[in-house]
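Asks: My questions will all concern the structure given below.
There are 2 protein chains.
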Amino acid sequence: MTKRPLPTRDRLIQTAAELFQRSGYNGVGLSELLAEAQAPKGSLYHHFPKGKSDLALAAASWASDGMLELIAVSFKDARDFRDGIETLCHKIAKLFDKSGRWETCPISATLFEGPENQLFRDHAYRLYESWIAQVRGHAERFGVDHPQETADTLFIMLQGGWQLARARRNSDVLRNLPRFLPANVL
Amino acid sequence: MTKRPLPTRDRLIQTAAELFQRSGYNGVGLSELLAEAQAPKGSLYHHFPKGKSDLALAAASWASDGMLELIAVSFKDARDFRDGIETLCHKIAKLFDKSGRWETCPISATLFEGPENQLFRDHAYRLYESWIAQVRGHAERFGVDHPQETADTLFIMLQGGWQLARARRNSDVLRNLPRFLPANVL
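The listed protein sequences correspond, in order, to chains A and B. Each residue of the first sequence is one higher than the last, beginning at 1 in the working numbering. Each residue of the second sequence is one higher than the last, beginning at 1 in the working numbering.
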């Protein structure tokens, strides 16, 4: 939990993102969430009329914004596409170490549980595609061949790399990803 | 749910694997599980003294055996390493279509929830490494350079590819994976 004095709505969102990332959407109870966020039940339904599911959408968007910011920062002063990718992988490895080497992808944790929830699925799809689109934009800017396939591949490597890093509890898996990116991609 | 008349222990394991894959370990209640498996509570604790957590370990092992079998079959008549990988990716794409394009990795769904559970973590690590070791063995047999890195990369691509396939609800992501494997790998 953050210690900064945040508005209740932000506190709810950030707490939800952290708890879902640790235990999955179904693994977090409403009372646990409210206690952690130090928010009364009424404030939850004030800000998020549908309660937990509304909050999950907002938490996933917030976590996704963090990833978009990470991509933007990594490519800000990049000399070329590979340089940007290497910075991004290092930053994600650091994030992994900070997360206690356990948490899963926040979008996946929040929005990929509950097979019947079309709204969750569509939201996850849009957030993921927004990451991929941003990387594709940088690939285009640097004149990389096949920018869409390149961005897809990077997404795949980061998701799968995070999973193997979790299993091995070793962020070097993420740091080493650029070495295994296809040559035709970089 | 399978319709074959299986022994209770197997019914419990397969039902658990299916339900966890759909809703995550925390998202499945014991009563739902017993009802789906048509098993009395006593039989659960007879076969799995620690109940749900014991069952989760067995379900993950069972699902993992399925993946090992898929790798073995894919490489059985492979002409070369790339041929085996292409067969494997096609088989996994078919599995994805059969799964209703929704389920997550069974190991991940079962064993990556609950940050305090060292036993789950260790079990997931061992199962994943057994997949990687088997692929590494085939890479060695076919004289591929860097067999360990190759096997790691394939694991990463399959995990991440499955995730993107879920988001897009499109198994072609998995079918196309071999096109994006590094040239130095194949």
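Where is the CB? At the ideal position from N, CA and C, for every residue including glycine.
Closest by CA to residue 163 (chain A), which one among B:97, B:27, B:155 and B:143?
Replies: Sequence index remark: in the first sequence, residue 163 (chain A) carries index 163 (1-based). The shortest C-alpha separation from residue 163 (chain A) is found at B:155.
Asks: In the DSSP assignment, find the alpha helix (DSSP H) that holds residue 118 (chain B) and state where it starts and stops.
Replies: By 1-based counting over the second sequence, the position of residue 118 (chain B) is 118. Element bounds for residue 118 (chain B): 118 to 141.
Asks: Say whether chain A places a C-beta atom closer than 7 Å to the C-beta of residue 156 (chain B).
Replies: As a position in the second sequence, residue 156 (chain B) is number 156, starting the count at 1. Output row for residue 156 (chain B): interface = yes.
Asks: What in chain B is Cβ-close to residue 18 (chain A), meaning under 9 Å?
Replies: Translated into the one-based positions of the first sequence, residue 18 (chain A) becomes position 18. The premise fails here: residue 18 (chain A) is roughly 11 Å from chain B at the closest Cβ pair, so nothing lies under 9 Å.
Asks: From which residue to which residue does the alpha helix (DSSP H) around residue 112 (chain B) run?
Replies: Here residue 112 (chain B) refers to the residue found at position 112 when the second sequence is read from its first residue. Run containing residue 112 (chain B): none; DSSP gives neither H nor E here.
Asks: Assess, as a yes-or-no matter, whether the stretch 136 to 152 of chain A is touched by the stretch 90 to 101 of chain A under the definition of 3 or more beta carbon pairs within less than 8 Å.
Replies: Taking 8 Å as the limit for Cβ pairs, the verdict is that the stretch 136 to 152 of chain A does not touch the stretch 90 to 101 of chain A.
Asks: Given a limit of 7 Å on CB to CB distance, which residues of the stretch 32 to 66 of chain B reach chain A?
Replies: Correct list: empty, as no residue qualifies.
Asks: Taking the straight line between their C-alpha atoms, what separation do you get for residue 146 (chain A) and residue 126 (chain A)?
Replies: Locating residue 146 (chain A) in the first sequence gives position 146, counting from the first residue. Locating residue 126 (chain A) in the first sequence gives position 126, counting from the first residue. Approximately 21 Å, taken between the alpha carbons.
Asks: Does the beta carbon of residue 139 (chain B) come closer than 7 Å to any beta carbon on chain A?
Replies: Numbered from its first residue, the second sequence carries residue 139 (chain B) at position 139. Chain A contact via Cβ: absent.
Asks: I need the straight-line Cα distance from residue 64 (chain B) to residue 132 (chain B), nearest angstrom please.
Replies: Within the second sequence, residue 64 (chain B) is the residue found at index 64, counting from 1. Within the second sequence, residue 132 (chain B) is the residue found at index 132, counting from 1. Their backbone Cα atoms lie some 12 Å apart in a straight line.
Asks: Using a threshold of 7 Å, state whether the C-beta atoms of residue 110 (chain A) and residue 25 (chain A) are closer than that.
Replies: Sequence index remark: in the first sequence, residue 110 (chain A) carries index 110 (1-based). Sequence index remark: in the first sequence, residue 25 (chain A) carries index 25 (1-based). In contact: residue 110 (chain A) and residue 25 (chain A) (Cβ atoms closer than 7 Å).
Asks: Nearest chain A C-beta to residue 26 (chain B) closer than 7 Å, yes or no?
Replies: Taking the first residue of the second sequence as position 1, residue 26 (chain B) is located at position 26. Chain A contact via Cβ: present.
Asks: Do residue 81 (chain B) and residue 144 (chain B) count as a contact pair if the criterion is CB distance below 7 Å?
Replies: Residue numbering aside, residue 144 (chain B) sits at position 144 when the second sequence is read from its first letter. Residue numbering aside, residue 81 (chain B) sits at position 81 when the second sequence is read from its first letter. The answer is yes: Cβ separation under 7 Å.
Asks: Which residues in chain B sit within 9 Å of residue 112 (chain A), going by Cβ to Cβ distance?
Replies: Counting from one through the first sequence, the residue named residue 112 (chain A) turns up at place 112. What residue 112 (chain A) touches in chain B: 24, 102, 104, 163, 166 and 167.
Asks: What separation, rounded to the nearest whole angstrom, lies between the Cα atoms of residue 181 (chain B) and residue 31 (chain B)?
Replies: The residue labelled residue 181 (chain B) in the question sits at position 181 within the second sequence. The residue labelled residue 31 (chain B) in the question sits at position 31 within the second sequence. Approximately 44 Å, taken between the alpha carbons.
Asks: Checking 7 Å against the spacing of the C-beta atoms, do residue 21 (chain A) and residue 103 (chain A) come in under that value?
Replies: Translated into positions along the first sequence, residue 21 (chain A) becomes position 21. Translated into positions along the first sequence, residue 103 (chain A) becomes position 103. Yes. Within cutoff.
Asks: Drop a sphere of 10 angstroms on the beta-carbon of residue 86 (chain B), count the other beta-carbons inside from all chains shown, and report buried for 16 or more, exposed for fewer.
Replies: Here residue 86 (chain B) refers to the residue found at position 86 when the second sequence is read from its first residue. Label assigned to residue 86 (chain B): buried.
Asks: Could you compute how far the alpha carbon of residue 99 (chain B) sits from the alpha carbon of residue 27 (chain A)?
Replies: As a working note, residue 99 (chain B) is residue 99 in the second sequence. As a working note, residue 27 (chain A) is residue 27 in the first sequence. Their backbone Cα atoms lie some 23 Å apart in a straight line.
Asks: Excluding the 5 residues flanking residue 68 (chain B) on each side, which residues of the same chain have their C-beta closer than 7 Å to its C-beta?
Replies: As a working mapping, residue 68 (chain B) is identified with position 68 in the second sequence. Counting only Cβ-Cβ distances below 7 Å, and skipping sequence neighbours, we find 130, 131 and 134.
Asks: Is DSSP giving residue 58 (chain A) helix, strand or coil here?
Replies: Against the first sequence, residue 58 (chain A) aligns to sequence position 58. In the structure shown, residue 58 (chain A) sits in a helix (DSSP, three-state: H, G or I).
Asks: Could you give the DSSP three-state label for residue 106 (chain A): helix, strand or coil?
Replies: Translated into the one-based positions of the first sequence, residue 106 (chain A) becomes position 106. Residue 106 (chain A): helix per DSSP, three-state reduction.
Asks: For a contact meaning CB atoms closer than 7 Å, what does residue 124 (chain A) contact in chain B?
Replies: On the first sequence, residue 124 (chain A) is found 124 positions in, with the first residue counted as 1. Within chain B, the residues near residue 124 (chain A) are 167.
Asks: Is the Cβ of residue 159 (chain A) closer than 7 Å to any Cβ of chain B?
Replies: Reading the first sequence from its first residue, position 159 is the one you call residue 159 (chain A). Yes, its Cβ sits closer than 7 Å to a Cβ of chain B.
Asks: Closest by CA to residue 108 (chain B), which one among B:6, B:56 and B:157?
Replies: Taking the second sequence and counting its residues from 1, the one referred to as residue 108 (chain B) is at position 108. Closest option to residue 108 (chain B), Cα to Cα, is B:56.
Asks: Taking C-beta to C-beta, are residue 33 (chain B) and residue 41 (chain B) nearer than 7 Å?
Replies: Position 33 of the second sequence holds residue 33 (chain B). Position 41 of the second sequence holds residue 41 (chain B). No, the Cβ-Cβ distance between residue 33 (chain B) and residue 41 (chain B) is not below 7 Å.
Asks: Entirely within the stretch 13 to 78 of chain B and at least 4 residues each: give me those alpha helix (DSSP H) ranges in chain order.
Replies: DSSP runs (the alpha helix (DSSP H)) wholly in the stretch 13 to 78 of chain B: 30 to 37, 41 to 47 and 52 to 76.
Asks: Please confirm whether residue 180 (chain A) has its beta-carbon closer than 7 Å to some beta-carbon of chain B.
Replies: As a first step, residue 180 (chain A) is located in the first sequence; it is residue number 180 there, counting from the start. Output row for residue 180 (chain A): interface = yes.
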